[in-house]
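Residue numbers (our numbering): 1 to 667.
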DNA sequence: GTGAAATCAAATCG
DNA sequence: CCGATTTGATTTCA
């Protein structure tokens, strides 16, 4: 449907320009550029052939510094309209590493209120925080101005890693030390002072590396990647000539329920101007034609593209919001009307430019499907688990007539044959109703190296060699935060027929980075069966094998010191190799396809049951995943000394992941 | 350059 | 679990 038109751009002349009053057309309205997912297929073999034993030397966060990570993706196309902002935020001088910590603290203590508060604080917290700022930015000056997909993802992933780490530290501090509060703001601040950001110059139109439908959890993320650089305000703008207030155009807006917008139509947004709100010491008042309001008025006349970000309450985390980038709009008309307070409010009608992929419209469809599952086109089964999980899993085929995948038994967890009991009995903790982060007496936390593995909302804080959840001999309740895998997934999944990769898995809900997806369920087997003649490598299908070689990647926040031992920091430590077959019985994990640039990764988790500890394989979201995006993980490569690969060429399949980093094949 | 005002946050409290 | 309140950071503007 959408094929042919680059997603983030809009064909010229597709919009009625009759309303343009007094300006020559903006050059930013013109370019149509090739976009990553639709670009030429990149097929490349790994540099050294199949990986040798051990992990391949692939460190996205510490690659060659200063060189553009992906050349040629959208860069420079927007230079014509993008302009540097003099002091969007002061960066520290490129000082030698290690001194940045001090300088950032110094910078902060200039503030009026922070000095006295900080005096009493223990040095541990200060030191812990300082340690977190001790890392290499790895982003060049040019990359700070103009980004690309890889940079945007890199910045977001590092922000999240830092935020989770701070959050974990905050959870563990029962004291009133405010040093770790507001992890997102603190993480953002550290990112800025270290210069880890991209698309820092304001621009009209698409932001390189940001795709329509991308989701965000904090306003800070929008700033870090240059989508909307106001921390709270809903209207971002940019000077056109000299910086005269009347000459500014709006470049992006956030609509998230703060005002009486009309935001139901997926193609039309009636946005309320800013100001006029009642506050503690102020009555509601008429809005004035200043700031963002005058910028939107200007954008109406200039007819420039305005990015629209729509925010909603997150269904799974009621307290927080999800922001969706909904693409480019234009201001079509403006008027003034009385709001509920009886005061005058500016209203701006924004219309979505045609030819863009759906984003908010997808959310609307899903809302409908949830109310009435049968309204889902191509629905085969409302719940393929037949109630085995607490959330149903839809089975859908919108592609052809196939009525479902080959028969298998749905099981929600992994089954060990008697002979496979892994470790000696282990003992649980003594925590009353729920284990508390920061309780150093909790033996389960001790097993996890002293850190609580999940942050409050049940999100994985860091990848670990092994994670130990509470087990059946722990007296804590089932809602203890250290029981995530064992309580099952909380996301509404859909098993769907893909166009060219068989069946796949995706979600109706937005998934934030670190969210538990599911475990790999099935039967633990000793060996992968020898291939029989006439078998076309089917034995390798529906198998998870920890003994394959998995490309390493960095997900945790890495400080300098950790970088030195980076070889081991995110490596798994499994007592003995584990092979799980989901051919006859399994769960949704068996439908997850391979990708060379996956959005999901696996993590070993152990907990005890009937006095014996069992190893489980859990999948977690690598980054924020918008609804209806296929979930994929890296299948890894069989070791050359394994039975599995006796016939390597046999099990080799052409990879269709479409990633620029595609290895070309998978097993 | 400084400080205060404004801002479609986010966390906490009751 | 919800609304109200508090806490708070950043940018803009006088």
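Note that CB positions come from ideal geometry on N, CA and C, so glycine has one too.
Exercise for the section: Please report the Cβ distance between residue 602 and residue 619, rounded to the nearest whole angstrom; I am assuming they are in contact, meaning their Cβ atoms lie under 8 Å. Expected result: Working through the first chain from its first residue, we reach residue 602 at position 602. Working through the first chain from its first residue, we reach residue 619 at position 619. 5 Å between Cβ atoms; contact.
Practice task
Figure out for me which residue from 581, 577, 558 and 580 has the closest Cα to the Cα of residue 570.
Solution key: The count along the first chain starts at 1 and reaches residue 570 at position 570. Of 581, 577, 558 and 580, the residue nearest in Cα terms is 558.
Handout entry: DSSP three-state assignment for residue 664, whether helix, strand or coil
Key = For the purposes of this step, residue 664 is taken as residue 664 along the first chain, with counting starting at 1. Of the three classes helix, strand and coil, the one that applies to residue 664 here is coil, per DSSP.
Problem - Which of helix, strand or coil DSSP assigns to residue 294 - result: Taking the first residue of the first chain as position 1, residue 294 is located at position 294. If DSSP states are grouped into helix, strand and coil, residue 294 belongs with the helices.
Exercise for the section: Work out the CA separation of residue 313 and residue 331 for me, nearest whole Å. Expected result: Your numbering for residue 331 matches position 331 in the first chain. Your numbering for residue 313 matches position 313 in the first chain. Near 25 Å, if we compare the C-alpha coordinates of residue 313 and residue 331.
Exercise for the section: Mind checking which residues open and close the beta strand (DSSP E) that includes residue 326? Expected result: Here residue 326 refers to the residue found at position 326 when the first chain is read from its first residue. First-last of the beta strand (DSSP E) with residue 326: 321-338.
Practice task
Report all residues from its chain with a CB closer than 8 Å to the CB of residue 255; omit the five preceding and five following residues, and keep chain order.
Solution key: Residue 255 sits at position 255 when you count from the first residue of the first chain. So the list reads 234, 261, 263, 269, 271, 308, 309, 310 and 311, once near-sequence residues are dropped.
Exercise for the section: May I ask which residues mark the beginning and end of the beta strand (DSSP E) holding residue 519? Expected result: Within the first chain, residue 519 is the residue found at index 519, counting from 1. Per DSSP, residue 519 belongs to the beta strand (DSSP E) from 516-519.
Handout entry: Rounded C-alpha distance that separates residue 278 from residue 451
Key = Taking the first residue of the first chain as position 1, residue 278 is located at position 278. Taking the first residue of the first chain as position 1, residue 451 is located at position 451. Taking the straight line from one Cα to the other gives about 44 Å.
Problem - Short Cβ contact (8 Å threshold) for residue 276 with residue 286 - result: For the purposes of this step, residue 276 is taken as residue 276 along the first chain, with counting starting at 1. For the purposes of this step, residue 286 is taken as residue 286 along the first chain, with counting starting at 1. Cβ distance < 8 Å, so residue 276 and residue 286 count as in contact.
Practice task
Give the DSSP-derived three-state secondary structure of residue 149 in the structure shown.
Solution key: By 1-based counting over the first chain, the position of residue 149 is 149. Reduced to three states, the DSSP call for residue 149 is helix.
Problem - Distance between residue 160 and residue 626 (C-alpha atoms, nearest Å) - result: Taking the first chain and counting its residues from 1, one reaches residue 626 at position 626. Taking the first chain and counting its residues from 1, one reaches residue 160 at position 160. Those two C-alpha atoms are separated by around 16 Å.
Exercise for the section: State the Cα-Cα distance for the pair residue 151 and residue 417, rounded to the nearest angstrom. Expected result: Here residue 151 refers to the residue found at position 151 of the first chain. Here residue 417 refers to the residue found at position 417 of the first chain. Roughly 46 Å separates the two Cα atoms.
Handout entry: Residues near residue 335 in its chain [Cβ-Cβ closer than 6 Å; skip 5 each side]
Key = Reading the first chain from its first residue, position 335 is the one you call residue 335. Cβ within range, chain order: 347.
Practice task
Name the one or two DSSP bridge partners that residue 683 has.
Solution key: The displayed coordinates of the chain run from 1 to 667. Any statement about residue 683 would go beyond what the structure contains.
Practice task
For the segment 476-495 and the segment 547-557, state whether three or more C-beta atom pairs, one from each stretch, are separated by less than 8 Å.
Solution key: no
Handout entry: Spatial distance of residue 328 from residue 259 (CA atoms)
Key = On the first chain, position 328 is the one that residue 328 refers to. On the first chain, position 259 is the one that residue 259 refers to. C-alpha separation (whole angstroms): 21 Å.
Practice task
Spatial neighbours of residue 195 within its chain, please: CB distance less than 7 Å, with the 5 preceding and 5 following residues excluded, ordered by chain position.
Solution key: What you label residue 195 is simply residue 195 of the first chain in a count that begins at 1. Cβ neighbours of residue 195 beyond the five flanking positions: 91, 137, 139 and 144.
Handout entry: Closest residue to residue 434 among 183, 476 and 342 (Cα-Cα distance)
Key = Counting from one through the first chain, the residue named residue 434 turns up at place 434. With distances taken between Cα atoms, residue 434 lies closest to 476.
Exercise for the section: Could you please give me the residues that DSSP links to residue 395 through a beta bridge? Expected result: Taking the first residue of the first chain as position 1, residue 395 is located at position 395. 381 and 495, per the DSSP bridge assignment.
Problem - 8 Å Cβ cutoff met for residue 363 and residue 393 - result: Looking up residue 363 in the first chain gives position 363. Looking up residue 393 in the first chain gives position 393. Contact: no.
Exercise for the section: Can you check DSSP and say which residues form a bridge with residue 505? Expected result: By 1-based counting over the first chain, the position of residue 505 is 505. 495, per the DSSP bridge assignment.
Exercise for the section: Tell whether a beta-carbon distance below 8 Å holds between residue 593 and residue 504. Expected result: In the first chain, residue 593 corresponds to position 593, counting from 1. In the first chain, residue 504 corresponds to position 504, counting from 1. In contact: residue 593 and residue 504 (Cβ atoms closer than 8 Å).
Handout entry: Residues of its chain near residue 241, where Cβ-Cβ distance is below 7 Å and the 5 sequence neighbours each way are ignored
Key = Taking the first residue of the first chain as position 1, residue 241 is located at position 241. Taken in chain order, the residues that qualify are 247.
Handout entry: Backbone CA spacing between residue 621 and residue 283 [nearest angstrom]
Key = As a position in the first chain, residue 621 is number 621, starting the count at 1. As a position in the first chain, residue 283 is number 283, starting the count at 1. So the alpha carbons of these two residues sit roughly 45 Å apart.
Exercise for the section: Decide if residue 667 is buried, meaning its Cβ has at least 16 other Cβ atoms within 10 Å, or exposed. Expected result: If you number the first chain from 1, residue 667 lands on position 667. Per the 10 Å Cβ criterion, buried.
Practice task
Pick helix, strand or coil for residue 593, following the three-state DSSP scheme.
Solution key: By 1-based counting over the first chain, the position of residue 593 is 593. If DSSP states are grouped into helix, strand and coil, residue 593 belongs with the strands.
Handout entry: Minimum C-alpha distance to residue 245 - residue among 291, 231, 202 and 213
Key = For the purposes of this step, residue 245 is taken as residue 245 along the first chain, with counting starting at 1. Of the listed residues, the one whose Cα sits closest to residue 245 is 291.
Problem - Backbone CA spacing between residue 457 and residue 445 [nearest angstrom] - result: Reading the first chain from its first residue, position 457 is the one you call residue 457. Reading the first chain from its first residue, position 445 is the one you call residue 445. Whole-angstrom Cα-Cα distance: 17 Å.
Practice task
Locate the alpha helix (DSSP H) running through residue 192, then write down its first and last residues.
Solution key: Here the question's residue 192 lines up with position 192 in the first chain. Note, residue 192: alpha helix (DSSP H), 183-194.
Exercise for the section: Mark residue 186 as exposed unless 16 or more other C-beta atoms lie within 10 angstroms of its C-beta, in which case mark it buried. Expected result: Residue 186 sits at position 186 when you count from the first residue of the first chain. So residue 186 ends up on the buried side.
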